[in-house]
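In what follows, a structure is listed as structure tokens, so that the remarks can point back to it.
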Amino acid sequence: MELGRREIEVMANLLNSNDTQAEKNRAHFRKNNCLAINMIGSPGAGKTSLLEKSLPLLTRNLCVGVIEGDIFTSKDADRIAIYEVPVIQINTGGGCHLDSKMVNKVLPDFDWTAMDLMIIENVGNLVCPADFDLGEQFKVIVLSIVEGDDKPSKYPVIFRNAEAVILNKMDLEKLTDVNMESMKRDILAINPEIRIFEVSCRNGDGLNDWINWLSQKVNDYQEHKD
Amino acid sequence: MHEMSLMGGVFEVIEQTISQHNVKKVIQVKLKVGELTNAEPDALQMAFEAYSKDTIAEGAELIIERVGVIARCTKCQKEFSVKSMFFLCPNCENSNIKIICGEELLLESLEVE
Numbered sequence: 001m002e003l004g005r006r007e008i009e010v011m012a013n014l015l016n017s018n019d020t021q022a023e024k025n026r027a028h029f030r031k032n033n034c035l036a037i038n039m040i041g042s043p044g045a046g047k048t049s050l051l052e053k054s055l056p057l058l059t060r061n062l063c064v065g066v067i068e069g070d071i072f073t074s075k076d077a078d079r080i081a082i083y084e085v086p087v088i089q090i091n092t093g094g095g096c097h098l099d100s101k102m103v104n105k106v107l108p109d110f111d112w113t114a115m116d117l118m119i120i121e122n123v124g125n126l127v128c129p130a131d132f133d134l135g136e137q138f139k140v141i142v143l144s145i146v147e148g149d150d151k152p153s154k155y156p157v158i159f160r161n162a163e164a165v166i167l168n169k170m171d172l173e174k175l176t177d178v179n180m181e182s183m184k185r186d187i188l189a190i191n192p193e194i195r196i197f198e199v200s201c202r203n204g205d206g207l208n209d210w211i212n213w214l215s216q217k218v219n220d221y222q223e224h225k226d
Numbered sequence: 001m002h003e004m005s006l007m008g009g010v011f012e013v014i015e016q017t018i019s020q021h022n023v024k025k026v027i028q029v030k031l032k033v034g035e036l037t038n039a040e041p042d043a044l045q046m047a048f049e050a051y052s053k054d055t056i057a058e059g060a061e062l063i064i065e066r067v068g069v070i071a072r073c074t075k076c077q078k079e080f081s082v083k084s085m086f087f088l089c090p091n092c093e094n095s096n097i098k099i100i101c102g103e104e105l106l107l108e109s110l111e112v113e
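As they're listed, the protein sequences go chains A and B.
Residue 82 in UniProt numbering sits at position 82 of the first sequence; the count goes up by one each step and never skips.
Residue 74 in UniProt numbering sits at position 74 of the second sequence; the count goes up by one each step and never skips.
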């Protein structure tokens, strides 16, 4: 039978296969009572530096694992391994973001019996990772203030979808023309609920607030208060 | 350039759809792309051309409908269009709002023969 020209209504989510896998990852984290966070920021914002400074403080009370996303190298995982936490490197081979299937593949490589917190450091990029759910409980942005106070308004999607933003490199504030008031105003206009931390990974300022907040989040998650 | 990944999703849906229908050729593909996503129409177009090569969708027209961001205030229930990514109710300045549309990444329909 000749059917001719016709329209087929589909209405399918393009991220369906990613989102389905992300839900399975989320169930895995829940089953193991481990809070998973997705850390996103531009190249050079200080994501790995923040981990280097945070891990010695977090591991005093928590069992922490790290998944490192990178396009080609294992440089970040090598930096993290020094802190004696389990770390797995994912190389995306040119891909600009991690997706839920890549994360799922490495989950069996960890010992989950005592894991409290899994930090997933995404590929350095403020755009693409925003659309891909990995199964995390929430997203955290690392933005260095030297990137400019206009960045939140230029990349609103990620700021809308994050639970916290770490404004890094605060030690450089006086050396730049960055307008902190304007930067924070824009962040809060996009996401009034977001938590803002002002940090210097270089001199350690502001780290305690971030660590206390994150530790409380782990606690709330494990006690099902999230 | 995550539009290539998104286009992978488009073609997964196309293949699944045409396997259930008697289709010789795909003529038009309609997408709905919310402004609160990071999918860029020109990059989607380029990715579509790359993906459709040597398939029954080669040469098909890709139509991308951009969907503006609309939110509803959870306090006064006012629906409003979110301009310049400023997420406050213009009526009561409440920040607790629900996004109603603008986050979609959908394959709406296919025109086939």
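Note that the Cβ used here is the ideal one computed from N, Cα and C, for glycine as well.
Is there a Cβ of chain A sitting closer than 7 Å to that of residue 22 of chain B, yes or no?
The residue you call residue 22 of chain B lines up with position 22 of the second sequence. Yes, because at least one Cβ of chain A sits closer than 7 Å to the Cβ of residue 22 of chain B.
Classification of residue 53 of chain A by the beta-carbon crowding that lies within 10 angstroms, buried from 16 upward = Residue 53 of chain A sits at position 53 when you count from the first residue of the first sequence. When all chains shown are included, residue 53 of chain A counts as buried.
* Is residue 86 of chain B close to chain A, meaning its C-beta is less than 7 Å from at least one C-beta of that chain? -> Taking the second sequence and counting its residues from 1, one reaches residue 86 of chain B at position 86. Yes, residue 86 of chain B lies at the interface with chain A (some Cβ there is under 7 Å from its Cβ).
So, does the CB of residue 55 of chain B fall closer than 7 Å to a CB anywhere in chain A? By 1-based counting over the second sequence, the position of residue 55 of chain B is 55. Closer than 7 Å: no.
Report task. Check each residue of the segment 36-52 of chain B: if its Cβ is closer than 8 Å to any Cβ of chain A, include it; give the result in chain order. Result -> Going along the segment 36-52 of chain B in chain order, one finds 36, 37, 38, 39 with a Cβ nearer than 8 Å to chain A.
### Query
Using CA coordinates, which residue listed in A:146, A:160, A:92 is at the minimum distance from residue 96 of chain B?
Along the second sequence, one-based indexing puts residue 96 of chain B at 96. With distances taken between Cα atoms, residue 96 of chain B lies closest to A:160.
For this session: Output yes if chain A places a C-beta closer than 7 Å to the C-beta of residue 62 of chain B; else output no.
Result: As a position in the second sequence, residue 62 of chain B is number 62, starting the count at 1. The beta carbon of residue 62 of chain B does not come within 7 Å of any beta carbon belonging to chain A, so the residue lies off that interface.
Fill in: Contact belief for residue 39 of chain A with residue 125 of chain A at Cβ below 8 Å, rounded distance in angstroms
Position 39 of the first sequence, counted from the start, is the residue given in the question as residue 39 of chain A. Position 125 of the first sequence, counted from the start, is the residue given in the question as residue 125 of chain A. Incorrect: roughly 12 Å between the Cβ atoms, too far for contact.
Quiz prompt | C-beta atoms of residue 9 of chain B and residue 14 of chain A nearer than 7 Å | solution = Position 9 of the second sequence, counted from the first residue, corresponds to residue 9 of chain B. Position 14 of the first sequence, counted from the first residue, corresponds to residue 14 of chain A. Yes, Cβ-Cβ distance for residue 9 of chain B and residue 14 of chain A is below 7 Å.
request  = Tell me whether the beta-carbon of residue 100 of chain A lies closer than 7 Å to the beta-carbon of residue 22 of chain A.
outcome  = Position 100 of the first sequence, counting from 1, holds the residue named residue 100 of chain A. Position 22 of the first sequence, counting from 1, holds the residue named residue 22 of chain A. Yes, the Cβ-Cβ distance between residue 100 of chain A and residue 22 of chain A is below 7 Å.
My output table needs one value for residue 5 of chain A: the three-state DSSP class, helix, strand or coil.
Residue 5 of chain A sits at position 5 when you count from the first residue of the first sequence. Residue 5 of chain A falls in the coil class under three-state DSSP.
Margin query: Using a Cβ distance threshold of 8 Å, determine whether the segment 60-70 of chain A contacts the segment 138-148 of chain A, with at least three qualifying pairs required.
Written below: Judged by Cβ distances under 8 Å, the segment 60-70 of chain A makes no contact with the segment 138-148 of chain A, as fewer than three pairs qualify.
Take the Cβ of residue 132 of chain A as the centre, count every other Cβ of all protein chains shown within 10 Å, and call the residue buried at 16 or more, exposed below.
Numbered from its first residue, the first sequence carries residue 132 of chain A at position 132. Under this definition residue 132 of chain A is a buried residue.
Item checked: Check whether residue 16 of chain A and residue 104 of chain A have beta carbons under 7 Å apart -> Here residue 16 of chain A is taken as the residue at index 16 of the first sequence, counted from 1. Here residue 104 of chain A is taken as the residue at index 104 of the first sequence, counted from 1. Contact flag unset, no.
- Is the CB-CB distance between residue 35 of chain A and residue 178 of chain A below 7 Å? Taking the first sequence and counting its residues from 1, one reaches residue 35 of chain A at position 35. Taking the first sequence and counting its residues from 1, one reaches residue 178 of chain A at position 178. The answer is no: Cβ separation not under 7 Å.
Quick one: grab the DSSP three-state call for residue 66 of chain A.
In the first sequence, residue 66 of chain A corresponds to position 66, counting from 1. DSSP places residue 66 of chain A in strand when its eight states are reduced to three.
Note to self: Quick check on residue 84 of chain A: does DSSP put it in helix, strand or coil?
What the structure shows: Position 84 of the first sequence holds residue 84 of chain A. Reduced to three states, the DSSP call for residue 84 of chain A is coil.
ask   = Counting Cβ pairs, one atom from each stretch, are 3 or more of them under 8 Å apart for the segment 20-34 of chain B and the segment 62-79 of chain B?
value = Cβ pair count under 8 Å is three or more, so yes.
Point to revise | For residue 234 of chain A, three-class secondary structure by DSSP | key: The requested residue 234 of chain A is not part of the displayed model; chain A covers only 1 to 226.
Should residue 11 of chain A be labelled buried (16 or more other beta-carbon atoms within 10 Å of its own) or exposed? Position 11 of the first sequence, counting from 1, holds the residue named residue 11 of chain A. With fewer than 16 other Cβ atoms within 10 Å, it is exposed.
Exercise. Starting from residue 41 of chain A and walking both ways along the alpha helix (DSSP H), at which residues does that stretch end?
Worked result: In the first sequence, residue 41 of chain A corresponds to position 41, counting from 1. For residue 41 of chain A, no alpha helix (DSSP H) segment is defined; the enclosing uninterrupted segment is the beta strand (DSSP E) at 35-41.
**Asked** Does any C-beta atom of chain B lie closer than 7 Å to the C-beta of residue 10 of chain A?
**Response** On the first sequence, position 10 is the one that residue 10 of chain A refers to. It does; some Cβ of chain B falls within 7 Å.
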